[in-house]
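Before any comments, here is the structure.
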Amino acid sequence: MTATTNPTSEPPPQATTTAGAKSAGVTAMGWLHTAKFLTTAPQLHFLPALDVPEIAFVGRSNAGKSTCINTLTQQKQLAFASKRPGRTQHINLFSLGKQGVMDAVLTDLPGYGYAAVPKQDKIRWQQVMANYLVSRENLKGIVLMCDPRHGMTELDEVLLDVIRPRVEEGLKFLVVLTKADKLTRAESTKALSIAKLQAGGGEVRLFSAPKRTGVEDVATLLWDWAHPNGATPAALPAQVP
Ligand SMILES: Nc1nc2c(ncn2[C@@H]2O[C@H](COP(=O)(O)OP(=O)(O)OP(=O)(O)O)[C@@H](O)[C@H]2O)c(=O)[nH]1
Ligand SMILES: [Mg+2]
2 MTATTNPTSE PPPQATTTAG AKSAGVTAMG WLHTAKFLTT APQLHFLPAL
52 DVPEIAFVGR SNAGKSTCIN TLTQQKQLAF ASKRPGRTQH INLFSLGKQG
102 VMDAVLTDLP GYGYAAVPKQ DKIRWQQVMA NYLVSRENLK GIVLMCDPRH
152 GMTELDEVLL DVIRPRVEEG LKFLVVLTKA DKLTRAESTK ALSIAKLQAG
202 GGEVRLFSAP KRTGVEDVAT LLWDWAHPNG ATPAALPAQV P
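When we follow my numbering, the leftmost residue of the sequence shown carries the number 2, and every step to the right adds one.
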């Protein structure tokens, strides 16, 4: 005799999970679409003090930070993306929140490691960024954008060292492997496992703007970071069909 199940009252676990994840993704994408330019500043002390969670996008120049913000917010030109490295030169803040009530902020930071930048400017920028990452009080999470074709560079490692104490105190941390459309399946799998080792307990996701790989997944993570006590998408009750 085989075990009996009642398919009419209990949907299969996989279907329930998929439906819940889909609805979580939709909620998160709707929230991200509310993004509006808030302010820009050349240094930390020009930024307004805020009491909503802030999520910063960091990484090498040209890694795809601005493109990722535009893709997540479903807005073509919210953040300046460009083929020319070094396009983002200020700390740019974007507010998020439904019905005009700001409940989080995304930060687009200039990239590092661009060879053509004069040495003095590089040093100045590294100090601005380290200062931001160490001192920004409402900083809730960091998204480190990394082009897996280059892997994590020495400067990425320096950044990891800078934020480690805050990550140990609960700062959220996600490595996004960008431009996944440029990788074969085998290369993607390899890049994921290497990054997981390097991320020191942080999350890792593959991402592609043109193919939309990982978009809803990353969106849902950010929503959860910004709403730790609310009815988060991940915490939504399973939908009964
Ligand atoms: N194929 C592909 N290209 C991408 C992707 N994301 C970004 N790019 C391209 O990479 C280049 C750099 O993108 P940006 O978003 O400006 O990079 P950034 O990290 O903001 O660069 P900086 O502001 O210089 O630090 C642009 O030509 C983008 O079109 C992706 O997922 N796939
Ligand atoms: Mg940029």
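Note that CB positions come from ideal geometry on N, CA and C, so glycine has one too.
For residue j and residue i, the rounded distance between their alpha carbons
{"i": "Trp126", "j": "Asp52", "result": "25 Å"}
{"i": "Val219", "j": "Ala181", "result": "14 Å"}
{"i": "Gln199", "j": "Leu140", "result": "22 Å"}
{"i": "Lys66", "j": "Lys77", "result": "13 Å"}
{"i": "Ala105", "j": "Ala57", "result": "11 Å"}
{"i": "Gln75", "j": "Val144", "result": "18 Å"}
{"i": "Lys37", "j": "Val176", "result": "24 Å"}
{"i": "Ala187", "j": "Thr40", "result": "41 Å"}
{"i": "Ser62", "j": "Ala42", "result": "18 Å"}
{"i": "Gln44", "j": "Val135", "result": "13 Å"}
{"i": "Tyr133", "j": "Cys147", "result": "19 Å"}
{"i": "Lys123", "j": "Arg85", "result": "17 Å"}
{"i": "Val118", "j": "Asp109", "result": "19 Å"}
{"i": "Pro229", "j": "Leu223", "result": "10 Å"}
{"i": "Glu138", "j": "Lys23", "result": "33 Å"}
{"i": "Ser83", "j": "Glu170", "result": "35 Å"}
{"i": "Leu48", "j": "Val129", "result": "12 Å"}
{"i": "Ala25", "j": "Lys120", "result": "44 Å"}
{"i": "Ala29", "j": "Glu217", "result": "7 Å"}
{"i": "Gly112", "j": "Gln90", "result": "8 Å"}
{"i": "Thr190", "j": "Pro54", "result": "32 Å"}
{"i": "Pro149", "j": "Asp225", "result": "25 Å"}
{"i": "Ala64", "j": "Phe208", "result": "11 Å"}
Beta-ladder partner(s) of residue i, from DSSP
{"i": "Gly60", "result": "Met146"}
{"i": "Tyr113", "result": "Arg61"}
{"i": "Arg206", "result": "Val177"}
{"i": "Thr221", "result": "None; Thr221 has no bridge partner."}
{"i": "Ser1", "result": "Past the edges of the chain, shown from 2 to 242, lies residue 1, and the structure says nothing about it."}
{"i": "Ala42", "result": "Ile92"}
{"i": "Thr55", "result": "Contrary to the premise, residue 55 reads as Glu rather than Thr in this sequence. Partner(s): Val106 and Leu140."}
{"i": "Thr214", "result": "Ser209"}
Beta-carbon separation (whole angstroms), residue i vs residue j, contact threshold 8 Å
{"i": "Leu94", "j": "Gly142", "result": "That pair is no contact at about 14 Å."}
{"i": "Gly152", "j": "Phe174", "result": "Not a contact, Cβ separation roughly 18 Å."}
{"i": "Leu107", "j": "Trp32", "result": "Incorrect: roughly 11 Å between the Cβ atoms, too far for contact."}
{"i": "Gly201", "j": "Leu156", "result": "Actually they do not touch by this definition, with Cβ atoms about 16 Å apart."}
{"i": "Ala192", "j": "Leu184", "result": "6 Å"}
{"i": "Arg206", "j": "Leu178", "result": "7 Å"}
{"i": "Val163", "j": "Ala131", "result": "5 Å"}
{"i": "Ala210", "j": "Thr72", "result": "5 Å"}
{"i": "Ala80", "j": "Ile92", "result": "Their Cβ separation, rounded to whole angstroms, is 12 Å, which puts Ala80 and Ile92 out of contact at 8 Å."}
{"i": "Gly114", "j": "Thr154", "result": "6 Å"}
Proximity test, residue i beta-carbon vs ligand 3 heavy atom, cut-off 8 Å
{"i": "Tyr133", "result": "Ligands displayed in this structure: ligand 1 and ligand 2; ligand 3 is not among them."}
Complete runs of the alpha helix (DSSP H) confined to the stretch 117–169 [at least 4 residues]: 120–136 and 155–169
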